[in-house]
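*Asks:* Just dropping this structure here.
Residue numbers (this note's numbering): 6 to 292.
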């Protein structure tokens with residue numbers, strides 16, 4: 006009884022689905038930021054707790070991740086307010102505004118914050134790969150090249166063009182390759198970390214037994230240190246994104262928060278002395 010067809014906007018089902026996916030995606034991203042806030046303050050607590058009178062390590066890095074993700078989510082919420090409240094009588098409705106007017110200041114700042122956050126978190130995953138694989142440069146050459154390609158400077162500059170929306174033809178020439186590279190980077194680095202950690206897990210268990218190696222070989226350890234949930238999430242998103250289905254909007258907006266949480270949980274293990282390092286295997290076996 007509350008749904009009257011005569012009140013439905015005169016838009017195609019595809020356009021309505023785009024608006025619904027963007028609106029719902031923003032709520033999903035906000036929930037992700039709430040979870041990220043909890044992880045951030047937990048990580049900060051242990052960083053400050055472990056400093057022992059010295060300048061705390063990782064504090065600036067973790068704070069930069071949080072602030073950039075905060076800028077991203079705040080600007081995204083403000084963008085929704087503009088589209089659906091302040092400018093809802095824009096000719097053609099919200100869909101027209103989304104496709105024609107997304108080169109505004111708020112959107113540029115928000116997307117730049119998201120790109121900065123992704124660049125910071127991807128850098129940590131790259132460094133973790135380098136450390137866990139015993140500083141073998143050959144292993145990270147390809148991920149490193151992907152990381153350079155994903156920095157997104159051209160994407161941000163293209164977004165700044167007046168009246169060029171996210172879904173315009175010109176911006177998609179940059180946005181889709183950019184996000185596919187970011188997603189592929191996370192899938193590959195996660196796979197490299199999983200493979201290496203599983204190998205070292207078997208080696209340590211064979212030498213000293215499962216009970217003594219539990220801190221480093223538990224399933225939860227492998228999942229956290231390899232960013233496995235993030236890798237699986239990116240795999241699903243990459244499939245949806247490659248076929249250009251609007252369902253991507255339900256997932257891609259939460260990517261920034263998920264990457265931030267994955268990085269901060271790894272740092273949490275580092276500051277607590279429980280993370281894998283280049284010498285973890287040899288140190289444990291020699292004890």
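Each residue gets a CB set at the ideal place from its N, CA and C atoms; glycine is no exception.
Given a cut-off of 9 Å on the beta-carbon distance, is the pair residue 265 and residue 41 in contact?
*Replies:* Going by C-beta atoms, residue 265 is nearer than 9 Å to residue 41.
*Asks:* With C-beta atoms as the reference, is residue 100 less than 9 Å away from residue 202?
*Replies:* Cβ atoms of residue 100 and residue 202: not closer than 9 Å.
*Asks:* Between the segment 233-252 and the segment 61-72, can you find at least three pairs of beta-carbon atoms closer than 8 Å?
*Replies:* Not touching, per the Cβ criterion.
*Asks:* Measuring CB atoms only, is the segment 30-40 touching the segment 254-261, in the sense that at least three cross pairs come out at less than 8 Å?
*Replies:* With the cut-off at 8 Å, the segment 30-40 and the segment 254-261 touch.
*Asks:* Starting from residue 107, trace the alpha helix (DSSP H) in both directions and tell me its first and last residue.
*Replies:* Neither: residue 107 is in no alpha helix (DSSP H) and is coded neither H nor E.
*Asks:* Determine the DSSP secondary structure at residue 2, reduced to helix, strand or coil.
*Replies:* Not covered by the structure: residue 2. The range shown for the chain is 6 to 292.
*Asks:* When burial is assigned at 16 or more other CB atoms within 10 Å of the CB, is residue 255 buried or exposed?
*Replies:* Looking at its Cβ environment, which holds 16 or more other Cβ atoms inside 10 Å, residue 255 is buried.
*Asks:* Could you check where the alpha helix (DSSP H) with residue 274 kicks off and where it finishes?
*Replies:* Counting along the chain, the alpha helix (DSSP H) containing residue 274 begins and ends at 260-276.
*Asks:* Starting from residue 24 and walking both ways along the alpha helix (DSSP H), at which residues does that stretch end?
*Replies:* Note, residue 24: alpha helix (DSSP H), 18-54.
*Asks:* For the alpha helix (DSSP H) holding residue 82, just list the boundary residues, first then last.
*Replies:* Counting along the chain, the alpha helix (DSSP H) containing residue 82 begins and ends at 64-86.
*Asks:* Measuring only the C-alpha atoms, how far is residue 123 from residue 194?
*Replies:* Using only the alpha carbons, I get a separation of about 14 Å.
*Asks:* Along the chain, where does the alpha helix (DSSP H) that runs through residue 154 open and close?
*Replies:* Unbroken alpha helix (DSSP H) run through residue 154: 142-154.
*Asks:* For residue 246, does the three-state DSSP call read helix, strand or coil?
*Replies:* Looking at residue 246 - three-state DSSP - the assignment turns out to be helix.
*Asks:* May I have the straight-line CA-CA distance separating residue 85 from residue 121, to the nearest angstrom?
*Replies:* For residue 85 and residue 121, the distance between alpha carbons rounds to 21 Å.
*Asks:* Since residue 114 and residue 76 are thought to touch, with beta carbons under 8 Å apart, how far apart are those beta carbons, to the nearest angstrom?
*Replies:* With a Cβ gap of about 7 Å, residue 114 and residue 76 count as contacting.
*Asks:* Within 8 Å, do at least three Cβ pairs link the segment 134-150 to the segment 102-111?
*Replies:* Cβ pair count under 8 Å is below three, so no.
*Asks:* When you compare the CB positions of residue 26 and residue 252, do they come within less than 9 Å of one another, or not?
*Replies:* In contact: residue 26 and residue 252 (Cβ atoms closer than 9 Å).
*Asks:* What does the alpha-carbon distance come out to for the pair residue 257 and residue 48?
*Replies:* Residue 257 and residue 48: Cα-Cα distance of roughly 24 Å.
*Asks:* Tell me the rounded alpha-carbon separation between residue 51 and residue 271.
*Replies:* Between residue 51 and residue 271, the C-alpha separation is close to 12 Å.
*Asks:* DSSP on residue 115, reduced to helix/strand/coil?
*Replies:* Here residue 115 sits in helix by DSSP.
*Asks:* Counting only the same chain and skipping the five closest in sequence on each side, list residues whose C-beta sits under 7 Å from that of residue 156.
*Replies:* Contacts found: 124.
*Asks:* Determine the direct distance from the alpha carbon of residue 38 to that of residue 78, and round the result to whole angstroms.
*Replies:* Using only the alpha carbons, I get a separation of about 7 Å.
*Asks:* Should residue 204 be labelled buried (16 or more other beta-carbon atoms within 10 Å of its own) or exposed?
*Replies:* With fewer than 16 other Cβ atoms within 10 Å, it is exposed.
*Asks:* So, is residue 132 buried or exposed, given that buried needs 16 or more other C-beta atoms within 10 angstroms?
*Replies:* With fewer than 16 Cβ atoms within 10 Å of its Cβ, residue 132 is classed as exposed.
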